[in-house]
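J.: Just so you know, numbering that gives the first Met the number 0 puts the end of the sequence shown at 642, numbered straight through with nothing missing.
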Amino acid sequence: MRFAHVLVLRDLNRYYTYAVDSGIEPGDHIEVPFGKSIALGLVMGIIPKPSTRYAIKPMIRHSPHLPRLYPDLIELIDWFSDYYYVTPYVSYTTIVGTNRTWITPPAMPAPPQTVPDLPLTTHQQDALNALQSTTSDHLLFGVTGSGKTELYVHLARALLNQNKSVLVLLPEINLTPQIQRYFESRFGTGVTTLHSGMTPRQRNIAWSQIYSNQVRIIIGPRSAVFSPIQNLGLILMDEAHDQSYKQDNTPLYHAITIARKRTQYHNAKLVYGTATPDIGLYHTLSKRNQVVQLTHRIANPTIPLPTIDCVDTTVQPTTDGISDVLHQALVKNLDLKQKSIILLNRRGYAPFVTCSHCNTPHICSQCQLSYTYHADQTFRCHRCGIRTTMTHTCLNCKKPGLHASGLGIQKLELALRQQLPNATIIRMDRDTASTLKKQTEQLNAFRSHGDILIGTQMIAKGHHIDAITLVGILGIETVLNSPHFRSSEHAFQLITQVAGRAGRGTQPGRVILQTTQPDHYAIEAAQTYDFLGLYETEIDTRHLLNYPPFSHLFRILTYATVAKHALAHLTQCYQVIRQALPTATLSEPCPAPLEKQNNYYRFHSLIRVSDAQLPDCHAVLKELPAPPKSVRRHIDREPVTLV
Numbered sequence: 000m001r002f003a004h005v006l007v008l009r010d011l012n013r014y015y016t017y018a019v020d021s022g023i024e025p026g027d028h029i030e031v032p033f034g035k036s037i038a039l040g041l042v043m044g045i046i047p048k049p050s051t052r053y054a055i056k057p058m059i060r061h062s063p064h065l066p067r068l069y070p071d072l073i074e075l076i077d078w079f080s081d082y083y084y085v086t087p088y089v090s091y092t093t094i095v096g097t098n099r100t101w102i103t104p105p106a107m108p109a110p111p112q113t114v115p116d117l118p119l120t121t122h123q124q125d126a127l128n129a130l131q132s133t134t135s136d137h138l139l140f141g142v143t144g145s146g147k148t149e150l151y152v153h154l155a156r157a158l159l160n161q162n163k164s165v166l167v168l169l170p171e172i173n174l175t176p177q178i179q180r181y182f183e184s185r186f187g188t189g190v191t192t193l194h195s196g197m198t199p200r201q202r203n204i205a206w207s208q209i210y211s212n213q214v215r216i217i218i219g220p221r222s223a224v225f226s227p228i229q230n231l232g233l234i235l236m237d238e239a240h241d242q243s244y245k246q247d248n249t250p251l252y253h254a255i256t257i258a259r260k261r262t263q264y265h266n267a268k269l270v271y272g273t274a275t276p277d278i279g280l281y282h283t284l285s286k287r288n289q290v291v292q293l294t295h296r297i298a299n300p301t302i303p304l305p306t307i308d309c310v311d312t313t314v315q316p317t318t319d320g321i322s323d324v325l326h327q328a329l330v331k332n333l334d335l336k337q338k339s340i341i342l343l344n345r346r347g348y349a350p351f352v353t354c355s356h357c358n359t360p361h362i363c364s365q366c367q368l369s370y371t372y373h374a375d376q377t378f379r380c381h382r383c384g385i386r387t388t389m390t391h392t393c394l395n396c397k398k399p400g401l402h403a404s405g406l407g408i409q410k411l412e413l414a415l416r417q418q419l420p421n422a423t424i425i426r427m428d429r430d431t432a433s434t435l436k437k438q439t440e441q442l443n444a445f446r447s448h449g450d451i452l453i454g455t456q457m458i459a460k461g462h463h464i465d466a467i468t469l470v471g472i473l474g475i476e477t478v479l480n481s482p483h484f485r486s487s488e489h490a491f492q493l494i495t496q497v498a499g500r501a502g503r504g505t506q507p508g509r510v511i512l513q514t515t516q517p518d519h520y521a522i523e524a525a526q527t528y529d530f531l532g533l534y535e536t537e538i539d540t541r542h543l544l545n546y547p548p549f550s551h552l553f554r555i556l557t558y559a560t561v562a563k564h565a566l567a568h569l570t571q572c573y574q575v576i577r578q579a580l581p582t583a584t585l586s587e588p589c590p591a592p593l594e595k596q597n598n599y600y601r602f603h604s605l606i607r608v609s610d611a612q613l614p615d616c617h618a619v620l621k622e623l624p625a626p627p628k629s630v631r632r633h634i635d636r637e638p639v640t641l642v
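(1) Quick one: what does DSSP say E594 is sitting in, helix, strand or coil?
(2) If contact is defined by three or more beta carbon pairs under 8 Å, each pair taking one atom from either stretch, is the segment 596 to 603 in contact with the segment 359 to 374?
(3) For A267, which residues of its own chain have a beta-carbon under 8 Å away from its beta-carbon, when the five flanking residues on both sides are left out?
(4) According to DSSP, is Q612 helix, strand or coil?
(5) Can you confirm whether the segment 56 to 63 touches the segment 9 to 27 when touching is taken to mean that 3 or more C-beta pairs between the two stretches lie within less than 8 Å?
(6) Which residue's Cα is closest to the Cα of V324: V470, G407 and A432?
(7) Could you tell me which of P590, L413 and T570 sits nearest to P626, measuring between CA atoms?
(8) Just confirm the distance between the C-beta atoms of G474 and L406, as a whole number of angstroms; I'd bet it's less than 8 Å.
(9) Please determine, among L623, D247 and I302, the residue with the shortest C-alpha to C-alpha distance to G504.
(10) Strictly by DSSP, which residues pair up with A38?
(11) Is the beta carbon of I45 sitting closer than 7 Å to the one on R1?
(12) Please tell me whether I302 has its Cβ less than 7 Å away from any Cβ of chain B.
(13) Looking at the secondary structure, which residues open and close the alpha helix (DSSP H) in which F186 lies?
(14) Just verifying my parser: in three-state terms, what is the DSSP assignment at P360?
(15) Exposed or buried, which one is E149 when buried takes at least 16 other CB atoms within 10 Å?
(16) Between the alpha carbons of P638 and L552, how many angstroms are there, rounded?
(17) Pick helix, strand or coil for T275, following the three-state DSSP scheme.
(18) Within a Cβ cutoff of 8 Å, which residues of the same chain sit near L544, ignoring the five residues on either side of it in sequence?
(19) Would you give the residue range spanned by the alpha helix (DSSP H) that R296 belongs to?
(20) Using a Cβ-Cβ cutoff of less than 6 Å, which residues in the same chain neighbour S586 once the five nearest sequence positions on both sides are dropped?
(21) Closer than 8 Å is the cut-off here; do at least three beta carbon pairs connect the segment 187 to 197 with the segment 215 to 224?
(22) Tell me, to the nearest whole angstrom, how far the beta carbon of K410 is from that of A349; I am working on the premise that it is less than 8 Å.
(23) Quick test of your reading: G26 and L68, contact by CB under 8 Å. State the CB separation rounded to the nearest angstrom.
(24) Any contact of the segment 325 to 340 with the segment 379 to 397, i.e. 3+ C-beta pairs under 8 Å?
(25) Around the C-beta of S207, are 16 or more other C-beta atoms found within 10 angstroms, so that it is buried, or is it exposed?
(26) So if DSSP puts L605 in a beta bridge, which residue, or which two residues, is it bridged to?
(27) Determine the extent of the alpha helix (DSSP H) in which R541 is found, giving its start and end residues.
(28) By the three-class DSSP mapping on this structure, what secondary structure does L419 have?
(29) Find out if the Cβ-Cβ distance for the pair P592, V561 is shorter than 7 Å.
(30) Using DSSP with H/G/I as helix, E/B as strand and the rest coil, what is I73?
(31) Would you check whether the ligand HEM has a heavy atom nearer than 6 Å to the C-beta of L580?
(32) Does the pairing of the segment 442 to 452 with the segment 287 to 295 give three or more beta-carbon distances under 8 Å?
(33) Between the C-alpha atoms of D518 and G499, what's the straight-line distance to the nearest angstrom?
(34) Could you tell me which residues DSSP puts in a beta bridge with H137?
(35) What are the partner residues of M58, as DSSP defines its beta bridges?
(36) Taking the C-alpha atoms as reference points, what is the distance between E412 and R426?
As structure tokens, this is what we get:
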């Protein structure tokens with residue numbers, strides 16, 4: 000008789016021991032008796048007969064309709080549960096998913112005609128040689144338009160020739176069609192995508208194709224990092240600095256961490272590609288001489304990067320948020336039949352609703368966040384999604400004095416249509432492009448006949464349209480003044496990334512940045528694309544304050560419908576940690592910057608520990624007292640925002 004540790008697919012915090020039939024191996028799905036019911040389970044490992052006074056129940060049957068998971072996925076499930084403080088079941092559903100039925104993959108279509116790889120410039124060839132010289136992780140630090148994607152193709156081809164598979168990770172779903180077309184044009188069949196925008200059947204087919212090694216180039220956003228790849232040789236992380244690689248709800252995993260874990264298991268290569276490196280990643284890899292740079296654009300190396308001109312909106316007036324400088328530049332671009340994009344990272348028509356009589360803000364009762372007025376005459380909370388019919392009556396003074404103020408993207412669109420009536424204007428945000436299909440349609444429409452594309456952060460990265468020569472940036476202060484030690488870095492990245500959409504063809508590009516803080520060091524660094532200048536300022540500050548990369552940062556967040564319950568439990572956790580780790584840097588429990596969301600009051604505490612303290616910190620966090628039923632708790636060990 001053989002025995003196994005089994006992950007019963009229920010939200011429980013341990014494995015169970017069962018007797019299993021001969022032929023059952025780790026990775027098999029089996030049905031087991033569990034209490035008075037029958038449950039599905041995953042065999043995690045075969046073990047010797049345990050010494051126990053309890054009778055060990057035998058399995059009921061094998062579940063052949065579910066595939067046997069590969070050993071690296073079994074190890075990943077076990078590691079993920081421990082590393083991110085979640086139950087094995089949450090780990091399983093995150094990595095494997097639910098309702099994952101085995102589908103025999105359909106026959107692959109006839110390979111389409113492919114085009115040859117583009118010849119590399121001397122700079123690209125030098126970078127390729129450096130990336131291929133070792134199996135170490137490398138940061139590919141290349142300015143926008145420097146040909147990083149072409150290097151990805153050359154790296155992938157070398158690994159495919161060794162019978163290895165390649166995973167290409169992207170920060171946003173809307174970038175997948177463009178990258179998929181690029182790789183299919185070079186490799187034909189054998190390329191697939193895997194993302195949440197697919198139907199369950201499409202995802203199952205893609206998963207089965209990857210599992211059976213029918214496709215060997217996999218493209219997708221962060222969840223694709225869990226693909227069931229047999230023989231992984233390379234992970235390419237495009238726009239590796241991007242915050243979207245971090246999951247913002249439970250489980251709070253970071254795709255970079257998972258990618259490192261998977262490449263370590265397979266002894267594979269990991270390449271981070273970006274024009275605006277993460278400060279911590281650059282600090283680590285530059286010390287190891289694992290940074291490869293591309294300093295020139297390839298389309299026309301004689302054309303410099305776009306100029307970035309600041310308009311100080313505390314001095315120069317604007318009309319409906321648009322300065323005279325930007326307006327004149329837009330008119331000129333229209334006359335030249337060239338395309339423009341404008342970034343404003345604020346959805347809705349106006350982001351603030353207040354009473355003109357008592358100055359009380361009109362806020363969401365569940366989040367205590369100001370409502371945003373939308374052009375469909377509704378008030379919406381962009382945190383919890385509540386939508387209410389517009390009213391003029393103030394809830395505080397009961398007088399009809401509510402009015403909307405500030406600049407949202409809907410108001411910007413209306414203003415541009417009034418100022419430039421002959422322009423074809425396309426707006427792209429979560430309200431107009433909520434699905435991958437709509438995002439692709441809008442980008443294609445702009446590419447074919449649009450004059451001006453206005454949008455939120457989703458337009459800022461990865462898109463290559465030669466005819467764009469002008470970029471306008473509005474409202475960067477919302478990023479620059481966010482409550483996080485990385486806010487300056489994030490502002491620099493956003494400015495540089497959206498600036499990089501301009502001047503990618505034969506004409507030079509220009510960027511007009513409207514801001515109330517033109518003297519901020521992040522903006523001054525962005526104007527000259529001076530990443531090293533930003534890095535030196537940031538790294539000194541972080542060293543002084545003991546922030547990453549000089550420490551490991553954890554965040555404990557508690558929330559409850561009764562504020563004192565959430566605070567009491569967090570205080571209890573704080574006292575346990577303070578006693579166990581007296582030398583750690585630990586902030587006292589306090590309200591989170593976003594104090595209330597979805598009717599839950601939120602409190603948090605930050606922990607910073609050294610490399611030496613990390614194992615002890617992890618052990619303490621695993622053994623924290625369980626929260627009461629009225630309180631929810633998250634432990635975030637890689638926070639990228641602190642709201």
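From the three backbone atoms N, C-alpha and C, an ideal C-beta is built for every residue, glycine too. Bear in mind that the values here come from a model prediction, so they are computed numbers and not experimental data.
T.: Looking at the atomic coordinates:
(1) DSSP places E594 in strand when its eight states are reduced to three.
(2) By the Cβ rule, the segment 359 to 374 counts as touching the segment 596 to 603, because three or more pairs are nearer than 8 Å.
(3) The answer, listed in chain order, is T134, K163, L231, G232, L233, I234 and R261.
(4) Three-state result, Q612: coil.
(5) The answer is yes - the segment 56 to 63 touches the segment 9 to 27, with three or more Cβ pairs under 8 Å.
(6) Out of V470, G407 and A432, V470 has the C-alpha closest to the C-alpha of V324.
(7) Scanning P590, L413 and T570 for the CA closest to the CA of P626 turns up T570.
(8) The beta-carbon distance between G474 and L406, rounded to whole angstroms, is 7 Å. This is short enough to meet the 8 Å contact definition.
(9) For G504, the nearest C-alpha among the options comes from I302.
(10) Note: A38 sits in a beta bridge opposite V31.
(11) The answer is yes: Cβ separation under 7 Å.
(12) Absent here is chain B; the protein component of the structure consists of one chain.
(13) In the DSSP annotation of this structure, the continuous segment of the alpha helix (DSSP H) that includes F186 starts and ends at T175 to F186.
(14) Strand at P360.
(15) Classification for E149: buried.
(16) P638 and L552: Cα-Cα distance of roughly 7 Å.
(17) Secondary structure of T275 (DSSP, three-state): coil.
(18) Counting only Cβ-Cβ distances below 8 Å, and skipping sequence neighbours, we find F484.
(19) Note, R296: premise wrong, no alpha helix (DSSP H); not H, not E.
(20) Excluding residues within five positions, the ones whose Cβ falls inside 6 Å are S604 and L605.
(21) Yes: at least three Cβ pairs fall under 8 Å.
(22) That belief holds up - the Cβ atoms of K410 and A349 are roughly 6 Å apart, short of 8 Å.
(23) At roughly 4 Å, the Cβ-Cβ gap stays under 8 Å, so G26 and L68 are in contact.
(24) No: fewer than three Cβ pairs fall under 8 Å.
(25) Label assigned to S207: buried.
(26) Listed as beta-bridge partners of L605 by DSSP are R554.
(27) Taken as a continuous stretch (DSSP letters only), the alpha helix (DSSP H) holding R541 covers F530 to L544.
(28) Here L419 sits in coil by DSSP.
(29) A distance of 7 Å or more separates the beta carbons of P592 and V561.
(30) DSSP places I73 in the helix class (H, G or I) of the three-state scheme.
(31) As presented, the structure is devoid of all ligands, the ligand HEM included, so that no description of it is given.
(32) In short, these stretches do not touch, since the Cβ pair count stays below three.
(33) In a straight line, the C-alpha of D518 is about 22 Å away from that of G499.
(34) Partner(s): V270.
(35) Note: M58 is not bridge-paired with any residue in the DSSP secondary-structure output.
(36) Their backbone Cα atoms lie some 7 Å apart in a straight line.
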